[in-house]
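**Student:** If you scroll down you'll find the structure; I have some questions about it.
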Amino acid sequence: GEDVEQSLFLSVREGDSSVINCTYTDSSSTYLYWYKQEPGAGLQLLTYIFSNMDMKQDQRLTVLLNKKDKHLSLRIADTQTGDSAIYFCAESFSGTYKYIFGTGTRLKVLA
Amino acid sequence: DVKVTQSSRYLVKRTGEKVFLECVQDMDHENMFWYRQDPGLGLRLIYFSYDVKMKEKGDIPEGYSVSREKKERFSLILESASTNQTSMYLCASTKSGADQPQHFGDGTRLSIL
Chain H
874 GEDVEQSLFL SVREGDSSVI NCTYTDSSST YLYWYKQEPG AGLQLLTYIF SNMDMKQDQR
934 LTVLLNKKDK HLSLRIADTQ TGDSAIYFCA ESFSGTYKYI FGTGTRLKVL A
Chain B
166 DVKVTQSSRY LVKRTGEKVF LECVQDMDHE NMFWYRQDPG LGLRLIYFSY DVKMKEKGDI
226 PEGYSVSREK KERFSLILES ASTNQTSMYL CASTKSGADQ PQHFGDGTRL SIL
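Residue numbers (our numbering), protein chains in the order written: chain H, 874 to 984; chain B, 166 to 278.
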């Protein structure tokens, strides 16, 4: 079945890079997304990548997509305490309204 | 910037009550979605709507209904609230067509006592 998996927790020191990983089973997705959820809030769209791309960079964020291994990652450079949140990856599929979300990775940034 | 507004951040209701959760978006988006978010289960789709008065069931529609009378507003209705509907409810919208980035509201944390 369709599944998107993420590790539950990640802890990094302020100023270091964070890498959040996601693996998925259904490779027919057209877009893959990263969302950020701060405590008590909704999901904020951070960035997304088309499935025929390998990489996308957006300021401190770098998304890497390895379609062969069905692996998506989000790298946050110079991680700040304000980056502490839960990060979700998600897929969407051409011609459908279906979105599959991972269960989220809680990033804790230590000062 | 897209703004998706959910009417309440926190709501407490009693078992058996009829509960309305409201969502409004200001970007003329065609598609709107209701999810619930529970620890360890991620986001699960309850209903979505791709046009006024149109709706489609998601993965967990039981115990819920929806209403889309105007393009900007999508309401989630708990017909007779039960304690297992205590959850965080998230509304999202996308522009026309399938397979678009979703924009979320801040969520409503609903407690059913």
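All residues carry an ideal CB built from backbone N, CA and C; glycine is no exception.
Give the range of the beta strand (DSSP E) segment to which Ala984(H) is assigned.
**Tutor:** Taken as a continuous stretch (DSSP letters only), Ala984(H) belongs to no beta strand (DSSP E), as it is neither H nor E.
**Student:** Under 6 Å Cβ to Cβ from Lys235(B), same chain only, skipping five residues before and after it: list those, please.
**Tutor:** Excluding positions up to five away in sequence, the list is empty.
**Student:** Could you check whether Val877(H) and Gly975(H) sit closer than 8 Å to each other, using their CB atoms as the reference points?
**Tutor:** yes
**Student:** Where are the alpha helix (DSSP H) runs, 4 residues long or more, that stay fully inside the segment 877-965 of chain H, in chain order?
**Tutor:** none
**Student:** Is there a Cβ of chain B sitting closer than 8 Å to that of Thr952(H), yes or no?
**Tutor:** no
**Student:** Along chain H, in chain order, which residues have C-beta atoms closer than 8 Å to that of Leu255(B)?
**Tutor:** Result: Gly915 and Leu916.
**Student:** Let's see if you can read the secondary structure: which residues bound the beta strand (DSSP E) around Asn249(B)?
**Tutor:** First-last for Asn249(B): undefined, no H or E at that position.
**Student:** Are the C-beta atoms of Tyr190(B) and some chain H residue less than 8 Å apart?
**Tutor:** A quick correction: the sequence has Gln, not Tyr, at residue 190(B). Answer no: the Cβ-Cβ gap between Gln190(B) and chain H never drops below 8 Å.
**Student:** My understanding is that Val231(B) touches Lys220(B), with C-beta atoms under 8 Å, so please give their C-beta distance in whole angstroms.
**Tutor:** 5 Å
**Student:** Which residue's Cα is closest to the Cα of Gly977(H): Ile959(H), Tyr970(H) and Leu883(H)?
**Tutor:** Checked all of Ile959(H), Tyr970(H) and Leu883(H); the closest Cα to Gly977(H) is Ile959(H).
**Student:** Note down, in chain order, every chain H residue with its Cβ under 9 Å from the Cβ of Tyr215(B).
**Tutor:** Tyr970
**Student:** Let me make sure I understand the geometry here. Which of Phe239(B), Tyr175(B), Ile225(B) and Gln265(B) has the alpha-carbon closest to that of Asn249(B)?
**Tutor:** Considering only alpha carbons, the answer is Ile225(B).
**Student:** Between the segment 262-277 of chain B and chain H, which residues of the former have a C-beta closer than 7 Å to a C-beta of the latter?
**Tutor:** Ala263, Asp264, Pro266, Gln267, His268, Phe269, Gly270, Asp271 and Gly272
**Student:** Would you kindly report the start and end of the unbroken beta strand (DSSP E) that includes Glu187(B)?
**Tutor:** Per DSSP, Glu187(B) belongs to the beta strand (DSSP E) from Val184 to Gln190.
**Student:** With C-beta atoms as the reference, is Ala984(H) less than 8 Å away from Ser890(H)?
**Tutor:** Going by C-beta atoms, Ala984(H) is not nearer than 8 Å to Ser890(H).
**Student:** Beta-carbon within less than 8 Å of Arg233(B)'s beta-carbon, same chain only, minus the 5 sequence neighbours each way: which residues are those?
**Tutor:** Met197, Ser214, Asp216, Val217, Lys218, Met219, Lys220, Phe239 and Ser240
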